[in-house]
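There are 4 protein chains.
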Amino acid sequence: MNKRKICVVITARPSYSRIKTALTAIKKHPKLQLQLVVAGSALLDRYGNAVDYIENDGFNIDAKVFMVLEGENKTSMAKTTGLGVMELANTFYNLKPDAVVTIADRFETLATSIAAAYQNIPLVHIQGGEVTGNIDEKVRHANTKLADIHLVASEDAKKRVLKMGEDENYVFNTGCPSIDIAYQVNKTPNLNFDPIEKYGGVGHDIHWKDGYMVVMQHPVTTEYNQAKAHVLTTLKVIHDLDMPAFWFWPNVDAGADGTSNGIRLYREIYKPENIHFFKNMIPEDFLRLLINSKCLVGNSSVGIRECAYLGVPVVNIGTRQQGRCRGKNVLDVNYSEAEIKSAILDRLEQQNPMPKDSIYGDGNSGEKIAHILAEVALRFHKTIAY
Amino acid sequence: MNKRKICVVITARPSYSRIKTALTAIKKHPKLQLQLVVAGSALLDRYGNAVDYIENDGFNIDAKVFMVLEGENKTSMAKTTGLGVMELANTFYNLKPDAVVTIADRFETLATSIAAAYQNIPLVHIQGGEVTGNIDEKVRHANTKLADIHLVASEDAKKRVLKMGEDENYVFNTGCPSIDIAYQVNKTPNLNFDPIEKYGGVGHDIHWKDGYMVVMQHPVTTEYNQAKAHVLTTLKVIHDLDMPAFWFWPNVDAGADGTSNGIRLYREIYKPENIHFFKNMIPEDFLRLLINSKCLVGNSSVGIRECAYLGVPVVNIGTRQQGRCRGKNVLDVNYSEAEIKSAILDRLEQQNPMPKDSIYGDGNSGEKIAHILAEVALRFHKTIAY
Amino acid sequence: MNKRKICVVITARPSYSRIKTALTAIKKHPKLQLQLVVAGSALLDRYGNAVDYIENDGFNIDAKVFMVLEGENKTSMAKTTGLGVMELANTFYNLKPDAVVTIADRFETLATSIAAAYQNIPLVHIQGGEVTGNIDEKVRHANTKLADIHLVASEDAKKRVLKMGEDENYVFNTGCPSIDIAYQVNKTPNLNFDPIEKYGGVGHDIHWKDGYMVVMQHPVTTEYNQAKAHVLTTLKVIHDLDMPAFWFWPNVDAGADGTSNGIRLYREIYKPENIHFFKNMIPEDFLRLLINSKCLVGNSSVGIRECAYLGVPVVNIGTRQQGRCRGKNVLDVNYSEAEIKSAILDRLEQQNPMPKDSIYGDGNSGEKIAHILAEVALRFHKTIAY
Amino acid sequence: MNKRKICVVITARPSYSRIKTALTAIKKHPKLQLQLVVAGSALLDRYGNAVDYIENDGFNIDAKVFMVLEGENKTSMAKTTGLGVMELANTFYNLKPDAVVTIADRFETLATSIAAAYQNIPLVHIQGGEVTGNIDEKVRHANTKLADIHLVASEDAKKRVLKMGEDENYVFNTGCPSIDIAYQVNKTPNLNFDPIEKYGGVGHDIHWKDGYMVVMQHPVTTEYNQAKAHVLTTLKVIHDLDMPAFWFWPNVDAGADGTSNGIRLYREIYKPENIHFFKNMIPEDFLRLLINSKCLVGNSSVGIRECAYLGVPVVNIGTRQQGRCRGKNVLDVNYSEAEIKSAILDRLEQQNPMPKDSIYGDGNSGEKIAHILAEVALRFHKTIAY
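Residue numbers (the numbering used here), protein chains in the order written: chain A, -19 to 366; chain B, -19 to 366; chain C, -19 to 366; chain D, -19 to 366.
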C-alpha cells in the first residue's frame, strides 16, 4: 500500500511548537509519510533558528525555502508572501504530496494555501475558526476558504468554521497539539535546568531562583507604528517593579524592528538590572519555565492556550489575542502603565497553578490529527454550504 | 478637499467588461480619483490585449504589471499569483491609494487582495458571494475574507457574504456593471457592423446573415486534463449541425492550451466550413452579436448574466457556472454530444429575446458603485461577525 | 570516494542538443554524478517540450523549474531571468552541487550563472568566447565573467575568452558536443523515417522525396520589431521557389510571437502548398533530414556548426550568426528577397555534402568535457588576468 | 528639445556617496532629466536608511523598490538579485528612461544591468575595470560586459575595460565622484560638529578630542564563515590599544550578520570603553571625521579612494581591496592581531595629511559624468572588440 504523503510547511518558530506532536504522530503512522518543508523565518538566526530545533528533534527536512524580505514596513510582508507562493508552488510540484498542511494564521501561511489549492492539492488547515484583532483575522479565514479539511482547536472555532459555509464532514475539533507538549512537560514540572547557563541570552545575570516573571510581547500588525511605544510601556513597568524577569524577543513581523528597536533602545539607555533577555528556548524548557514562574506578561498566544491548560497566571496586554476563548488564568489590560502594573500585582498574588481549563484540548491532539489525515477522504473541490 | 484615490486592478479582458461602467462613474465622480492598474493577461496579445481597449476607451493607465507565467499546468497559475503579489505590493506602495478594488474570482485576483490587505489598504471586492464549481469558488470566498467592503451583484450573493461573517454595514448589492452595457446596447440593438470585416479572425467566411450561433467555451481548472476532450465534443456538435457559428477563443487559464490546442487540432484536421473563429471583440459589439444571434453555446458567464437581462437563449455546458443564479433563458447540459445537440435544437426554436430577468441588476451598477466608494467609511480592520 | 556532483541546467530545446553527449559522458564517468535541472522553455509544450526528449533519452531529472513569463516584449525576458535566479538559487541550495554548468548565451542562462556564482559554487560555462550580433553577445560574455571554468568550442573562442582576462589554466577548447551527434548520425546517413508520418506537423503534405529544403528562422532580439517582416520575406521567397520545404517554428524569445505570428498570418492568407511546418524533431532525425536535404535556409546556429562538419549547404540570413566562425558551406545574405533567392539558387547547385570543416570539433566533445569536469581543480574565486 | 532621461539606481548607502555629485550635475544639466530609483538596502533602517539622506539632499525619488531578502547566507544574496531584476524590469518599463546608470560592483547592481540591457535600454556602468578579491570581481566585470558606456575612475581601470574588448569610443575616465565631496569638504576641514552629540550611536562616551581612530570593517563575501573571527581580531586590537575609536557598522552583505554578531558579542562581553559605535554618517561629516582623525582602520574603499586624495593614513586589513590602485597613505595587513597592531602604531606616527594622490580624480567627476551622459551617442547593441 502506498502511504499518503502529508506535506507540512513550517514558516516560523511558534508554528513548530504548535505542530510538533502532530509531526511525530504523522511520522509514526503506518499509513502516512511525512514531507517536511521549512521556510521563511524558521530558517533565520534573527528569529530563533527553528530549523535547528527541528533537525535536533530528529525530523528530516525535504526542502528549505528562503523567502523573507527585509524591511520595516508592511510592503515586505506582502512581498514575502508573494515570493512564498512562487517558491512553494515549485516545491509542491517537485514533492507531489497527497495533502498539504498549513498552520494557523501568520501572514505567510496564505502562501502555502495558495500554492497547494491552485495546484489542486487537498489543503488541510490547522487552527482555523479563531478570532483575533488584526491582519491574522483576515489571513486565517482566507486560509479556511482555500482549505478542504479543517482541524480546529476548540468547539468555538468549529462553530465559526461551519458558519462560514464549510462542509461539516470535513471539520474536526482535534484540540491544539501545543497542549500535548504541556501535558507531557507537566508530568515532571520541576525546573531542571539553569536558563541563563543553558541559553545565554543578554542582560543582567538576574537572581531568579526566588521567583521570576516571564515576558513575551509581539508587535501587532495593525498597530504597526505603535510597536515601539507599546513595548517601551511594558519595559518600564517591568523595570519599575524591580522583580526578576525573563524577556523573550519577538518573532518576525512587519513591526518586528519596532519592538526590537524599542527593546534595544531601552537596554542601551536604562540597562535594566532585573531583566534578562532570551532569543528563544525549546518549547519544553519554555513551558517548564512558565510552570515555575510567578506569571506570564505580554501578548503571546501561549498565555491563552498552554497557560489555560497549565493554570499559569497571565497578564494579556492589548489587542493581539482579542476574541480568543480564554481561561480564568488571564487578566486582560490595555497598553497602559497603570493597568499593566496593577494586573501584574494581582497575578503575583495568585497561586501558580490556578485552576486548569481544557478549552484547547487535553493532550492527544497530535495523534488525533494523524488519525484524521490517514482516514479522511482527500478532496480539492468544494462548494460553499448554505 | 482631497479626492479619494480608488485603485482598480484589471487582470483580464472579461474583468474589464464587468467593471467598465464603474470605471467611468469613478472617473466622473467629484469626490473620487481613479487609479488604474492593468496587469496579467490583460496586457497580452494572446489573450485579447484588453489594454488596447482600455486605452481606446480613454482611460489613463497608472501602471502596467507583467506577471503571467507560461505553462500548461496549474503550477504556473500559482506562480503568476505569487509574482502578482510581489509586483502589486510595490505598485500600491508607490501609488498610495485610499482603497483598492479587486474584481470577482479569477485566480490572480487574490494577488490584488493580498497586496492591499497586507499593507492595510482598505480592500473592496466586487462580485463576491456567488457560487461556482472549481478553484474560482475558493478564490472568490478568500477574496471576501480579505476584503473590507463588498459590492455584490445579486441578493443571493449578499446573503452568502453575510453568512460568512461579514459586517452587514459593509455589504452592498449594486448589481453587475456588465448589465449596464447590456442596457445601453439594447437601446439600439441592430447589428451595425460586419463581424468578419471588422474583426478578421480565422476560418471560413461563413454566411451568417440568415442566422448564426455564438460559441464561447473556457477550460475548467478542476477538469484540467479534459479541456481538450470537452472542447472537441462541442466542436463536433457545432460542425455536425452545419449552421453558421462564431466561435471565441478562451481566456488565459491553466487549461488554456488544452482548449486552444483542441480548437487548433480540429481546425487543422476537419477545416469546419460553418465556423469562424475570433480572438475577441469589444463588449458592445459582442453583446450586439448575441442579441442578433439564435443562441449562445458554451460555458461563459455572459450566458448567465448579460443573457439573462437580454433574454438571449443559452446552452450552458458543464460545471463552470454551477451554482450561479440563472434565468429561464439557460438550458444546462453535460459534456455529452447528444445532450448538447438536443439542447441547441431546443434553443433554436426559442424566439430571441426570451422573457428577461433582472437578477444581476438593471443598468445603473456603475453609478451605484462609484457612489458607495465615495461615501462608505474606509477601514482595513475587521473581525468575523457571529 | 565521493563523486563530484555536476549540476547541468537546461533551459531550452537547442541547449539540450548542444549538451546531450556531454550529459551521457558525465553520467557514465566513474568520478562524476550528474544532477539535471530542466527549466524555462524546455518544460513548455509551445517550445517543443524538450523535457520529454530528455526523459525519453533515459536521463533522471532532479528538479523542474517553471520560470517563463508570458509577453510579447522584452520586459518578460528580463523578468523570466529574475525569476530564474530566485528559483535556481533555492534549487542549488537544496541540491548542493560541486559545480554548476551553464550553457551558451540565451538570456536566461545568466540566471543559472548568478544563482551559482553568488553562492560560491564553481561555475562552468560551455561555449563562451563566440561572437554574434545581439543581446546574446552581452549575455555570453557576462556569463564568462561570472564563470570559473570555460569549455569553449573553437580556437577562435578560446582566444577571445583569454583576451577578456580569464586564467589560461581554466580555459579548454573541447569542441561542441552537438558535433558528436552529427558524427554519430553521419555513420548511417540515410533518411530512415518519413518526416510527416513520424512528426505530423501542419501544412500541405508536400512531395519531398525528390529533394527538399529545410528552413529555420529565429527572431533576433535587437531587431524585435522586424521579426514579422523578416520571416515574411523568407516565406515569400520559399513560397515563390515552389520547391518542397520543411519549415521549423522558432524557439521562445521576446520576438517569438513576431516570427510565429508572421508564419501564422502567411499560412492563413497564402496557404503555401510547398511548405510543411514542424514544431521540432529529435536532433538525430533533424540532422539526418539536413544530410539528405538540398540545403538549409535561415539563421540557425546549426547552419554554422553541425552543417560545417557535415558539409550541408547553408543560406544564412541576417545578423543572428554575425561574427561566428563559419565554413565554406555557408553563404551569408541580408533580409532581402533578391539576395535570399539568389543565394538559395546558388546553394541548390552545390553537391550535399560539400567539403567538411572541423572548426567546432571532431566528434568527441562530450567525453572531453566529462574528463575535464572530473579532473580540473574546482574554484569559485578569481581575479582578472592582465 | 526633449531632455535625455537618465535613470540612476541606488541600492546602498555607499553607492549614494559615490554618485551624489553626479546626481546634482545631472539634475542641473539643461539637456538631462534625472530619474532616481532607490532600492535594496538603501531603503532599510538596518543599513543606514540612505533614502532619508537622499531626500534631505533635495532629490526627488521616482520609485522605491523593496527587494532585500533576509538571511545569513549567500542564497539570499542571489534571491535579492533575482527579485531586483523582476522589479526593476517593471520600473524601467514604466519610467521609459533613455539610459540607465548602474554603480560599481555590489552584488545587486547586476539586477539593474540585466533589467536595462534585456530591455534594450542603453546601460551606463560607473567604476568598472577595477580589481578586488571576491564576488564583487565577478559582478563588476559582468556589469562591464552588459554595459554600453563605461565611466571609469582611473587610468588603470580604463586599460582593463578596454582589454576586455569594450569599444574605446565608449570608455571614459571621469575619476570618482566621491572625490568631489572630499574636494569640497577639504576646503573647510575643521571638525565642526560633535559626532556623539549629532549622531548618538552606542557604546561609551569616549574622550575623542585629543585624537581618535576611525574603524570600518565590512564582511568579505568569499570569506563568509570567517567574518565574525575577522572582526573580533580587529576589535581586540583596537580595544587593547586603548585609544579612542569611532567604529562604523557594516553594510548589508551575506556576511553582515557575521560581522554584526561579532561586534554585538564583543560589546556584550567586554564593553570596550575606548570604542563608540555609529550606524552611519552623512558623507561630508564622515570625511571631516577622517580628516581630523589619526588614521582609518579596516577594509573600506574610502581608505583607498577618498583617503588617497585627502592623505589620511590608512591600515587596510585583508583581501577586500586587493588589486585596487592605492596611494602611499595605505599600509596593507593580513587578519593578524600582530600585523594590525604594528601597522596602526606605524600610521599613528604619520602626520595627517600625508602626501596626497589624485589616482581617482581631482574633484570634478560629477560634472564630467553629466557632460558625457548629455553628449555620448546612446546605443544598446555592441560586439566585442578584438
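Where is the CB? At the ideal position from N, CA and C, for every residue including glycine.
Rounded straight-line distance, which links the Cα of residue j to that of residue i
i: Glu135 of chain C; j: Thr154 of chain C; result: 9 Å
i: Pro252 of chain B; j: Gly242 of chain B; result: 13 Å
i: Lys293 of chain B; j: Lys308 of chain B; result: Note that residue 293 of chain B is Pro in the sequence shown here, rather than Lys. Approximately 9 Å, taken between the alpha carbons.
i: Asn279 of chain B; j: Thr239 of chain B; result: 13 Å
i: Met289 of chain A; j: Thr124 of chain B; result: It should be pointed out that residue 289 of chain A corresponds to Tyr in this sequence rather than to Met. Looking at the two C-alpha atoms, the distance is approximately 34 Å.
i: Ala365 of chain B; j: Gly283 of chain A; result: 24 Å
i: Arg244 of chain A; j: Thr201 of chain C; result: 53 Å
i: Asp220 of chain D; j: Gln330 of chain D; result: 20 Å
i: Ser(-5) of chain D; j: Ile83 of chain D; result: 7 Å
i: Gly235 of chain A; j: Ala43 of chain B; result: Because Gly235 of chain A carries a pLDDT of 45, less than 50, the predicted location of this residue cannot be relied on, and the following value inherits that uncertainty. Cα to Cα, the separation comes out at about 28 Å.
i: Phe39 of chain D; j: Phe72 of chain B; result: 22 Å
i: Gly64 of chain C; j: Leu24 of chain C; result: 15 Å
i: Pro175 of chain B; j: Pro157 of chain B; result: 25 Å
C-beta atoms of residue i and residue j nearer than 7 Å
i: Ala95 of chain C; j: Leu103 of chain C; result: no
i: Asp78 of chain D; j: Lys(-15) of chain D; result: yes
i: Val211 of chain B; j: Glu248 of chain C; result: no
i: Tyr98 of chain B; j: Thr213 of chain B; result: no
i: Phe226 of chain B; j: His184 of chain B; result: no
i: Ile159 of chain C; j: Pro263 of chain C; result: no
i: Gly180 of chain A; j: Thr363 of chain B; result: no
i: Met47 of chain C; j: Gly20 of chain C; result: yes
i: Ala5 of chain A; j: Ala350 of chain A; result: yes
Check: residue i C-beta below 6 Å from any heavy atom of the ligand HEM
i: Lys76 of chain C; result: Here there are no bound small molecules, and the ligand HEM is not part of this structure.
Residues near residue i by beta carbon distance below 8 Å, same chain, minus five either side
i: Glu319 of chain A; result: Val313
i: Asn172 of chain D; result: Arg268
i: Leu270 of chain D; result: Val194, Leu276, Val282, Glu286, Cys287, Leu290 and Val292
For residue i, the residue or residues it bridges with in DSSP
i: Leu16 of chain B; result: B:Val(-12)
i: Thr82 of chain D; result: D:His105
i: Cys275 of chain B; result: B:Met193
i: Phe226 of chain C; result: C:Val194 and C:His256
Residues of its chain near residue i, where Cβ-Cβ distance is below 7 Å and the 5 sequence neighbours each way are ignored
i: Phe87 of chain B; result: Met57, Thr61, Ile115 and Val119
i: Leu358 of chain A; result: Asp78, Ala79 and Pro102
i: Leu142 of chain B; result: Glu148 and Val151
i: Asp233 of chain C; result: A caution first: Asp233 of chain C carries a pLDDT of 48, below 50, which makes its placement in the model unreliable, though a value can still be read off. Once the five neighbours on either side are set aside, the close Cβ partners of Asp233 of chain C are His198, Pro199 and Thr201.
i: Lys(-17) of chain A; result: Lys11, Leu12 and Gln13
Beta-carbon proximity list for residue i, same chain, < 6 Å, skipping 5 on both sides
i: Asn205 of chain A; result: none
i: Leu49 of chain B; result: Ser56, Lys59 and Thr60
i: Leu328 of chain D; result: Lys274
i: Ile41 of chain D; result: Leu16 and Val18
i: Leu131 of chain A; result: Ile106, Phe152, Thr154 and Ile349
query = Is it true that the region 34 to 45 of chain B meets the region 187 to 195 of chain B, where meeting means three or more beta-carbon pairs spaced less than 8 Å apart?
reply = In the pairwise beta carbon analysis, the region 34 to 45 of chain B is classified as not touching the region 187 to 195 of chain B: fewer than three pairs are separated by under 8 Å.
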